[in-house]
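What follows is one structure encoded as C-alpha cells, with my remarks underneath.
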Amino acid sequence: MSTTQPGADARGEGTRPPAGPPGAPPVAEPRPSRVNYLNVSYGVKSWLLTTDHKRIALLYLASVTLMFFLGGAFAVLIRLELVTPPGDLVQSETYNKLFTLHGIIMVFFFLIPSIPAVLGNFLLPMMIGARDLAFPRLNLASWYIYTLGALFTLYALVNGGVDTGWTFYPPYSTQFSNTHVLAAGIGIFINGFSSILTGLNFIVTTHRMRAPGLTWFRLPLFVWAHYATSLIMVLGTPVIAVTVLMVAVERGLHLGIFDPTLGGDPILFQHLFWIYSHPAVYIMVLPAMGVVSEVVTCFSRKRIFGYSVVALSSLAIAVIGFLVWGHHMFVSGQSTFAGMVFSLLSYLVAIPSAIKVFNWTATLYRGSVSLQTPMLYAIGFIGLFTIGGLTGLFLAAMGLDVHVHDTYFVVAHFHYIMVGGAIMGYLGGIHFWWPKITGRLYPEWWARIAAVVIFAGFNLTFFPQFVLGYLGMPRRYHYYVEEFQVLNVMSSAGASILGVGYLIPMAYLVWSMRYGPKATANPWGAIGLEWETPSPPQTENFPRSPVVTWEAYEYAPEEEARVV
Amino acid sequence: MFTGLPLFPEQASSVAPQVDALYFYLIAVSGFFSVLIATLVVYFALRYRRRSESEVPQPIHGSVKLELVWTLIPLAIVMFTFVWSTRVYFAMHRVPPGAMEVYVVGKRWMWKVQHMTGQREINELHVPVGVPVKLILTSEDVIHSFFIPAFRIKKDAVPGRYNSIWFQATRPGTYHLFCAEYCGTKHSQMIGSVTVLEPARFQAWLTGDGSGVSLASAGERLFNELACVTCHRADSVGRGPRLEGLFGKQVRLAGGETAVADETYVRESILNPAGKVVAGYQPIMPTYQGLVSEEGLMQLVAYIQSLAAPEGGSPLGTPEEPAPALPEAQRGEPAPPPDRARDLGKP
Numbered sequence: 001m002s003t004t005q006p007g008a009d010a011r012g013e014g015t016r017p018p019a020g021p022p023g024a025p026p027v028a029e030p031r032p033s034r035v036n037y038l039n040v041s042y043g044v045k046s047w048l049l050t051t052d053h054k055r056i057a058l059l060y061l062a063s064v065t066l067m068f069f070l071g072g073a074f075a076v077l078i079r080l081e082l083v084t085p086p087g088d089l090v091q092s093e094t095y096n097k098l099f100t101l102h103g104i105i106m107v108f109f110f111l112i113p114s115i116p117a118v119l120g121n122f123l124l125p126m127m128i129g130a131r132d133l134a135f136p137r138l139n140l141a142s143w144y145i146y147t148l149g150a151l152f153t154l155y156a157l158v159n160g161g162v163d164t165g166w167t168f169y170p171p172y173s174t175q176f177s178n179t180h181v182l183a184a185g186i187g188i189f190i191n192g193f194s195s196i197l198t199g200l201n202f203i204v205t206t207h208r209m210r211a212p213g214l215t216w217f218r219l220p221l222f223v224w225a226h227y228a229t230s231l232i233m234v235l236g237t238p239v240i241a242v243t244v245l246m247v248a249v250e251r252g253l254h255l256g257i258f259d260p261t262l263g264g265d266p267i268l269f270q271h272l273f274w275i276y277s278h279p280a281v282y283i284m285v286l287p288a289m290g291v292v293s294e295v296v297t298c299f300s301r302k303r304i305f306g307y308s309v310v311a312l313s314s315l316a317i318a319v320i321g322f323l324v325w326g327h328h329m330f331v332s333g334q335s336t337f338a339g340m341v342f343s344l345l346s347y348l349v350a351i352p353s354a355i356k357v358f359n360w361t362a363t364l365y366r367g368s369v370s371l372q373t374p375m376l377y378a379i380g381f382i383g384l385f386t387i388g389g390l391t392g393l394f395l396a397a398m399g400l401d402v403h404v405h406d407t408y409f410v411v412a413h414f415h416y417i418m419v420g421g422a423i424m425g426y427l428g429g430i431h432f433w434w435p436k437i438t439g440r441l442y443p444e445w446w447a448r449i450a451a452v453v454i455f456a457g458f459n460l461t462f463f464p465q466f467v468l469g470y471l472g473m474p475r476r477y478h479y480y481v482e483e484f485q486v487l488n489v490m491s492s493a494g495a496s497i498l499g500v501g502y503l504i505p506m507a508y509l510v511w512s513m514r515y516g517p518k519a520t521a522n523p524w525g526a527i528g529l530e531w532e533t534p535s536p537p538q539t540e541n542f543p544r545s546p547v548v549t550w551e552a553y554e555y556a557p558e559e560e561a562r563v564v
Numbered sequence: 565m566f567t568g569l570p571l572f573p574e575q576a577s578s579v580a581p582q583v584d585a586l587y588f589y590l591i592a593v594s595g596f597f598s599v600l601i602a603t604l605v606v607y608f609a610l611r612y613r614r615r616s617e618s619e620v621p622q623p624i625h626g627s628v629k630l631e632l633v634w635t636l637i638p639l640a641i642v643m644f645t646f647v648w649s650t651r652v653y654f655a656m657h658r659v660p661p662g663a664m665e666v667y668v669v670g671k672r673w674m675w676k677v678q679h680m681t682g683q684r685e686i687n688e689l690h691v692p693v694g695v696p697v698k699l700i701l702t703s704e705d706v707i708h709s710f711f712i713p714a715f716r717i718k719k720d721a722v723p724g725r726y727n728s729i730w731f732q733a734t735r736p737g738t739y740h741l742f743c744a745e746y747c748g749t750k751h752s753q754m755i756g757s758v759t760v761l762e763p764a765r766f767q768a769w770l771t772g773d774g775s776g777v778s779l780a781s782a783g784e785r786l787f788n789e790l791a792c793v794t795c796h797r798a799d800s801v802g803r804g805p806r807l808e809g810l811f812g813k814q815v816r817l818a819g820g821e822t823a824v825a826d827e828t829y830v831r832e833s834i835l836n837p838a839g840k841v842v843a844g845y846q847p848i849m850p851t852y853q854g855l856v857s858e859e860g861l862m863q864l865v866a867y868i869q870s871l872a873a874p875e876g877g878s879p880l881g882t883p884e885e886p887a888p889a890l891p892e893a894q895r896g897e898p899a900p901p902p903d904r905a906r907d908l909g910k911p
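Chains as they are written, first to last, in our numbering: chain E, 1 to 564; chain Y, 565 to 911.
In C-alpha cells, the structure reads:
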C-alpha cells in the first residue's frame with residue numbers, strides 16, 4: 001500500500017523561493033484535522049440543506065452510483081437475453097424497455113453528471129484556491145433538480161417503462177409508442193436544468209474566483225476540461241430541452257412538427273436531437289480527459305507534455321463537437337452535400353483528441369512512472385479511448401457508415417468511448433481523490449485487481465460487438481439470426497466479468513470509509529492546490545486564499561525545465 | 565476460420581468490395597496507431613518506472629515540432645479517408661441509367677415490395693444478378709431502415725419522403741434483409757431475405773408470378789378511378805398541368821422557383837398540391853392525403869413516370885430519361901380487370 005509521501009525533499013526544496021514551491025503549502029501545515037467538512041455537522045438536515053460544494057458532490061456521488069447500478073442491472077438482463085438467438089428470457093416489449101431505460105439512465109443520469117457533478121463539484125473550487133463555487137445555493141438546487149428529474153424517469157420505469165430507445169425518434173415516440181414517453185421526457189427535460197446550472201456555476205467560478213496568481217495557463221487541465229464541458233452544457237442542453245418539449249407537445253396536441261401527414265418532418269427531430277446529443281458525448285469524455293491529465297502527471301511526476309496544446313484542444317473539441325451532428329444521419333436521406341460537410345467536420349474533431357493521446361503518452365517519457373490504481377485506470381482510458389476514437393473514423397466515413405450504421409459496430413464504438421473512456425476516467429478519478437474526499441485509503445491490492453478485471457471484462461464484452469456489427473447484426477434486436485450467437489455469447493461472458501469488476505470497488509470503497517487507513521494530506525505526492533488542504537478538507541477549503549506563483553504540474557523546480 | 569465464429573460477412577454486390585477495401589484500410593490505420601500507442605505507453609511505463617521514492621525527473625515542456633508531427637500526419641490520414649469514403653458513398657447513390665426500379669414500403673413489421681412489372685412480395689426481394697437495381701423507399705408509419713449486409717447497403721424508409729439507394733448483385737444466393745432502424749415491438753422480426761437469381765431464372769420467377777399487372781398500369785387504373793384524368797388531360801386543355809413528358813423535367817413553379825419532377829415531387833404534389841404549384845395554374849387541386857395508400861402512391865408515380873416518353877415523342881422535346889429498362893417480356897401488359905386494379909391501389 002502506498003501511503004508514503006515523497007514530500008518536500010523530492011522537489012528540491014531550498015532551491016526555491018519560500019513563497020513558491022507547491023511542496024511547501026501556503027496554508028497551514030495540514031495536521032491530522034480536527035474539524036473537516038464531513039464532521040463539522042451531523043444529521044440528515046445538515047446534508048440536505050448544505051451549500052458546501054464538497055457535500056453536494058457527495059450527494060451526487062450517492063445519486064449517480066445508485067443510477068449506475070440501476071442502469072447496469074438493465075444491461076445485465078440485456079446481455080442475459082442475448083445469450084440465445086430467440087427472445088426467450090423476456091418479451092419483446094420488455095426487451096425494448098430494458099435497452100431504452102439502460103440508455104436513458106446511463107446517459108442522462110449517470111454519464112453526463114458523473115465526473116462534473118461529483119469530481120468537478122468537489123475539486124474545481126479547491127483546484128483554483130476558492131472557498132466554494134460562485135453560486136453555492138444554485139449548486140444545491142441543481143442536485144434537487146437532478147433528483148426530481150430522476151424521480152420522473154423512475155416513475156416512468158415503475159409504471160411500466162418506456163420503449164422508444166433513448167433517442168426518442170418520432171414518429172414512433174410521438175404517434176406509435178403506448179408507453180410512458182411523457183414522464184421519461186419530462187424527467188430528461190427537468191434534469192437538463194441541473195446540467196445547465198452546474199455548467200453555469202463552473203464557468204463563473206473559473207472566471208471570477210481563481211486565487212491570486214493563478215492565471216489561465218497555470219490552471220490544472222482538469223479545470224480546462226471542465227470549462228470546455230461547461231460551455232457545452234450551457235449551450236447545448238437547452239436544445240435537448242426544447243426538442244423533448246416538442247415531442248411532448250406533438251404527442252399531446254398533435255401539432256404536426258414531426259408528422260409528415262401534417263406537413264412536419266421526422267428528420268427535423270434527428271437534427272435537433274443530435275445537435276445536443278453528439279456534444280453530450282464530449283460532456284462525458286472531456287472531464288475524463290481532465291482526470292487523465294491529472295493522474296498521468298502525478299504518477300509520472302512530471303509536467304504534462306505540451307500543456308497549452310492539451311488545454312486548448314479541450315476547447316477545440318467543445319467547439320467543433322457542436323458541428324458534427326449530421327454524421328448520425330448518413331442513411332436518413334439527408335442530402336449528400338450535408339453529409340459530406342458533416343463527415344469532414346467529424347474527421348477534424350478527431351484531431352484534438354488524437355493530440356491529447358499523443359501528449360499523455362509523451363508525458364510518460366523520462367518520467368518517474370508508478371503504476372498505482374489511478375494510473376492503471378488512466379492507462380486503461382488511453383488504450384480504450386484510442387480504440388473508441390479510431391473506430392469513430394469508420395463511422396465518419398460515409399461510404400462505410402452506410403453498412404455499419406445502426407449495427408453493433410456503433411454500439412461497440414460508443415461503449416468504448418463512454419464506458420471505456422468516461423467510466424475508466426471516472427473510476428480513476430474516484431480512486432485518485434478518494435483519500436482527499438474521505439480521508440481514508442482504499443486497499444491498493446484489491447483496487448489493482450479490480451482495475452485489471454474491469455479492463456479485461458470490458459474488452460471481452462465490447463470487442464466482439466465490432467465484429468458482430470460488421471457482420472450486420474442491427475442494434476436493438478431482441479431476436480437475432482443464429483450465426484451471430486458465438487460472438488454474442490462471448491460478449492455476455494465478458495459482461496459478467498465486467499459486472500463483477502464494478503462490484504469490487506463498490507465493496508472496498510465502502511469498506512475503506514470506515515476501516516481504511518487514514519490518509520495524509522497528499523498521499524500521492526501530487527501537485528495541485530487541492531492537495532495542500534488536509535484530508536478531508538475543512539468546510540471552506542483554505543483558511544486564507546493561497547497565492548500561486550508556480551506553473552501547473554511543477555513537479556521539479558522550474559529552472560531545470562527546458563523547452564525542447 | 566472455423567464455422568462457429570464468423571468474422572466477415574458475405575460479399576454479394578458490386579459495391580461490397582469497395583466498402584470492404586475501405587474497412588481493411590481503416591483496420592490497418594487503427595491497428596497501427598493502437599499498437600503504436602500501446603507499445604509506447606507500456607515501454608515508457610516499464611523503462612521509466614519509479615525506482616526510488618525521491619527521484620524527480622527533469623521536466624519537459626513540450627515540443628512544437630512533435631505537436632506539428634502528430635497533428636499533421638493524422639490530419640493527412642483523415643483527409644485521405646474522407647475523400648476515399650465519400651467516393652464510395654457516391655458510388656452507392658449515383659444510380660446508373662436504366663436501373664431496374666423497385667418500390668419498397670416499410671410497415672410495422674414487414675417490408676412490402678412492388679416491382680415495376682407488378683410482382684409484389686412481402687419480406688422478400690427477388691432480383692437478377694448483374695443488373696443495377698434502384699430501391700425507392702418509404703414508410704407507412706414509423707422510420708424503418710432497409711439493410712442488406714451482404715450488399716453493404718442500408719437506407720432509411722422515412723414516412724413522408726422517398727429515399728433511394730441502388731445496388732448490383734454479383735452472386736446468386738439468398739441473403740439477409742434486416743430492418744435497422746428501431747421501429748417498435750417486433751423490430752427484430754422485421755427481417756426477410758433477398759434472393760439473387762440468374763437472369764434466366766429471374767425471368768422465370770417474373771412470369772411465374774400470377775399478378776401480371778405492371779405498376780404503371782395499376783397506377784393508370786388508379787389515375788382514372790380517382791378522376792385525376794378530368795383535370796390532368798393529355799390534350800393540354802385541362803385545369804391541371806399536362807403530365808405527359810413531365811417526369812424528370814424541371815418545372816417552373818408559381819413562386820418563380822423551379823423543381824425537378826421526380827418521385828418525391830410527384831408524391832408531394834398528390835398529397836400537398838398547394839405546396840408547389842406549377843406556374844400558370846391555380847391552386848385548386850384538393851389533397852389526396854388519406855385517400856391513397858403508400859403503395860397506391862407508388863403506382864401513380866410509376867404511371868406518371870411511364871408518361872415521360874409517350875409514343876410519338878415528347879411534347880417538351882426529347883425525353884431525358886428513357887422508360888425504365890425492363891425485360892422485354894414485361895412490356896405491353898394487358899389492361900387489368902378493374903377489380904384487380906382496385907385491389908392493387910388499396911390493399
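Each residue gets a CB set at the ideal place from its N, CA and C atoms; glycine is no exception.
Tell me the DSSP secondary structure of Cys298 of chain E in three-state form.
Taking the first residue of the first sequence as 1, we reach residue 298 of chain E at position 298. DSSP places Cys298 of chain E in helix when its eight states are reduced to three.
query: Could you give the distance in angstroms between the alpha-carbon of Phe463 of chain E and the alpha-carbon of Leu770 of chain Y?
result: Taking the first residue of the first sequence as position 1, residue 463 of chain E is located at position 463. Taking the first residue of the second sequence as position 1, residue 770 of chain Y is located at position 206. Each residue's Cα considered, the two are about 44 Å apart.
Original post:
Contact check, Arg545 of chain Y vs Cys792 of chain Y under 8 Å by CB: the rounded distance?
Top reply: Missing from the structure shown is residue 545 of chain Y; chain Y here goes from 565 to 911 and no further.
Coil, strand or helix - Arg514 of chain E by DSSP:
If you number the first sequence from 1, residue 514 of chain E lands on position 514. The answer is helix: DSSP assigns Arg514 of chain E an H, G or I state.
Under three-state DSSP, which class holds Thr198 of chain E?
-> Here residue 198 of chain E refers to the residue found at position 198 when the first sequence is read from its first residue. Looking at Thr198 of chain E - three-state DSSP - the assignment turns out to be helix.
### Message
Looking at Val158 of chain E: is its Cβ nearer than 8 Å to the Cβ of Val181 of chain E?
### Response
Here residue 158 of chain E refers to the residue found at position 158 when the first sequence is read from its first residue. Here residue 181 of chain E refers to the residue found at position 181 when the first sequence is read from its first residue. No. Outside cutoff.
Let's test the definition: count the other Cβ atoms within 10 Å of the Cβ of Arg514 of chain E and tell me whether it reaches 16, buried, or not, exposed. As a first step, residue 514 of chain E must be located in the first sequence, where it is residue number 514. Result: exposed.
Handout entry: Collapsed DSSP secondary structure at Arg725 of chain Y in the structure displayed
Key = Here residue 725 of chain Y refers to the residue found at position 161 when the second sequence is read from its first residue. Judged by DSSP in its simplified three-state form, Arg725 of chain Y adopts coil rather than helix or strand.
Given a limit of 7 Å on CB to CB distance, which residues of the segment 597-616 of chain Y reach chain E?
Phe597, Ser598, Ile601, Ala602, Leu604, Val605, Phe608, Ala609, Tyr612, Arg613 and Arg614
- Message: I want to verify the contact list: residues of chain Y whose CB lies under 8 Å from the CB of Lys302 of chain E, in sequence order.
- Response: The residue given as residue 302 of chain E occupies position 302 in the first sequence. Within 8 Å Cβ-Cβ: Pro621, Pro623 and Ile624.
Hey, is the segment 195-204 of chain E in contact with the segment 530-544 of chain E, meaning 3+ C-beta pairs nearer than 8 Å?
no
Could you please give the first and the last residue of the uninterrupted alpha helix (DSSP H) stretch that includes Glu859 of chain Y?
As a working mapping, residue 859 of chain Y is identified with position 295 in the second sequence. Element bounds for Glu859 of chain Y: Glu858 to Ser870.
_Please identify the residue among E:Pro352, E:Ala556, E:Leu312 and E:Trp224 whose C-alpha is closest to the C-alpha of Leu123 of chain E._
For the purposes of this step, residue 123 of chain E is taken as the residue at position 123 of the first sequence. Distances from the alpha-carbon of Leu123 of chain E to those of E:Pro352, E:Ala556, E:Leu312 and E:Trp224 put E:Trp224 closest.
Open item on the list: Check this for me: beta carbons of Asn178 of chain E and His53 of chain E, under 8 Å apart or not?
Closed with: The count along the first sequence starts at 1 and reaches residue 178 of chain E at position 178. The count along the first sequence starts at 1 and reaches residue 53 of chain E at position 53. No, these two residues do not count as a Cβ contact at 8 Å.
message = Check whether chain Y comes within 8 Å of Leu577 of chain E, counting only Cβ atoms and requiring the distance to be less than that.
response = Summary: the structure shown does not reach residue 577 of chain E, with chain E confined to residues 1 through 564, and so no result is reported for it.
Return the chain-ordered list of same chain residues with a C-beta closer than 8 Å to the C-beta of Val913 of chain Y, the five sequence neighbours on each side being excluded. Summary: the structure shown does not reach residue 913 of chain Y, with chain Y confined to residues 565 through 911, and so no result is reported for it.
* **Own chain, CB closer than 6 Å to Gly457 of chain E, minus 5 neighbours either side, in chain order** => Along the first sequence, one-based indexing puts residue 457 of chain E at 457. Excluding residues within five positions, the ones whose Cβ falls inside 6 Å are Gly494, Ile497, Leu498 and Gly501.
Within 10 angstroms of its Cβ, does Ser335 of chain E collect 16 or more other Cβ (buried), or is it exposed?
-> The residue you call residue 335 of chain E lines up with position 335 of the first sequence. Exposed, since its Cβ has fewer than 16 Cβ neighbours within 10 Å.
*Residue(s) in a DSSP beta bridge with Lys698 of chain Y*: One-based indexing of the second sequence puts residue 698 of chain Y at position 134. According to DSSP, Lys698 of chain Y bridges with Y:Glu665 and Y:Trp730.
| message | Let's test the definition: count the other Cβ atoms within 10 Å of the Cβ of Arg137 of chain E and tell me whether it reaches 16, buried, or not, exposed. | response | Your numbering for residue 137 of chain E matches position 137 in the first sequence. Arg137 of chain E should be labelled exposed.
- Message: If I measure Cβ to Cβ from Lys356 of chain E and keep anything under 7 Å in the same chain, skipping five residues before and after, which residues do I get?
- Response: Along the first sequence, one-based indexing puts residue 356 of chain E at 356. Residues of the same chain with a CB within less than 7 Å of the CB of Lys356 of chain E, apart from the 5 flanking positions on each side, are Met289, Val310 and Ser313 in chain order.
| From which residue to which residue does the beta strand (DSSP E) around Arg684 of chain Y run? | Walking along the second sequence from the start, residue 684 of chain Y turns up at place 120. Arg684 to Ile686 is the extent of the beta strand (DSSP E) around Arg684 of chain Y.
Original post:
Can you find a CB in chain E that lies within less than 8 Å of the CB of Met643 of chain Y?
Top reply: Taking the second sequence and counting its residues from 1, the one referred to as residue 643 of chain Y is at position 79. Met643 of chain Y counts as touching chain E.
For chain E, is any of its Cβ atoms less than 8 Å away from the one on Arg716 of chain Y?
Numbered from 1 along the second sequence, position 152 holds the residue referred to as residue 716 of chain Y. At least one chain E Cβ lies under 8 Å of Arg716 of chain Y.
Backbone CA spacing between Met418 of chain E and Pro763 of chain Y [nearest angstrom]:
Working through the first sequence from its first residue, we reach residue 418 of chain E at position 418. Working through the second sequence from its first residue, we reach residue 763 of chain Y at position 199. Cα to Cα, Met418 of chain E sits roughly 49 Å from Pro763 of chain Y.
Where the beta strand (DSSP E) through Phe337 of chain E begins and ends:
Translated into positions along the first sequence, residue 337 of chain E becomes position 337. Run containing Phe337 of chain E: none in the beta strand (DSSP E); it sits in the alpha helix (DSSP H), Thr336 to Leu364.
So with CB distances below 7 Å, who are the chain E contacts of Met656 of chain Y? Within the second sequence, the letter at position 92 stands for residue 656 of chain Y. Residues of chain E passing the Cβ test: Gly399 and Val402.
By how many angstroms is the C-alpha of His328 of chain E removed from the C-alpha of Pro638 of chain Y? Your numbering for residue 638 of chain Y matches position 74 in the second sequence. Your numbering for residue 328 of chain E matches position 328 in the first sequence. Going by the C-alpha atoms only, they are around 23 Å apart.
*Inter-residue Cα distance where the pair is Ser878 of chain Y and Ala825 of chain Y*: Counting from 1 along the second sequence, the entry for residue 878 of chain Y is found at position 314. Counting from 1 along the second sequence, the entry for residue 825 of chain Y is found at position 261. Residue confidence is low: Ser878 of chain Y scores 38 on pLDDT, short of 50, so the model does not pin down where it sits. Its coordinate-derived value is still stated next. When rounded, the distance between both Cα atoms is 15 Å.
Requested in this report: Measure from the C-beta of Glu586 of chain Y to each C-beta in chain E and report whether the shortest distance is under 8 Å.
Outcome: Locating residue 586 of chain Y in the second sequence gives position 22, counting from the first residue. For the sequence presented, residue 586 of chain Y should be read as Leu rather than Glu. Chain E, which has a Cβ nearer than 8 Å to the Cβ of Leu586 of chain Y, makes this yes.
Practice prompt. Below 7 Å between beta carbons is the criterion; list the residues of the segment 717-735 of chain Y that meet it against any residue of chain E, in chain order.
Written response: So the list reads Ile717, Lys718, Lys719, Asp720, Val722, Pro723, Gly724, Arg725 and Asn727, given in the order they occur along the chain.
(message) In the DSSP output, what is Gln678 of chain Y paired with across the bridge?
(response) Along the second sequence, read from residue 1 onward, the residue named residue 678 of chain Y stands at position 114. Answer is Y:Tyr667 and Y:Arg684, bridged to Gln678 of chain Y.
ask   = Between E:Phe222, E:Ile56 and E:Leu371, which lies nearest to Trp524 of chain E when the distance is taken from Cα to Cα?
value = The sequence position of residue 524 of chain E within the first sequence is 524, counting from 1. Closest option to Trp524 of chain E, Cα to Cα, is E:Leu371.
In terms of residues, what are the limits of the beta strand (DSSP E) holding Ser757 of chain Y?
Mapped onto the second sequence, residue 757 of chain Y falls at position 193. Unbroken beta strand (DSSP E) run through Ser757 of chain Y: Gly756 to Leu761.
Interface residues of chain Y facing Gly472 of chain E [CB-CB closer than 8 Å]:
Translated into positions along the first sequence, residue 472 of chain E becomes position 472. Ordered by position in chain Y, the residues that pass the 8 Å Cβ test against Gly472 of chain E are Pro573, Phe711, Pro713, Ala714, His740 and Phe742.
- prompt: Which residues in chain E sit within 9 Å of His751 of chain Y, going by Cβ to Cβ distance?
  reply: One-based indexing of the second sequence puts residue 751 of chain Y at position 187. Neighbours of His751 of chain Y on chain E, chain order: Ser92, Asn96, Pro474, Arg476, Tyr477 and His478.
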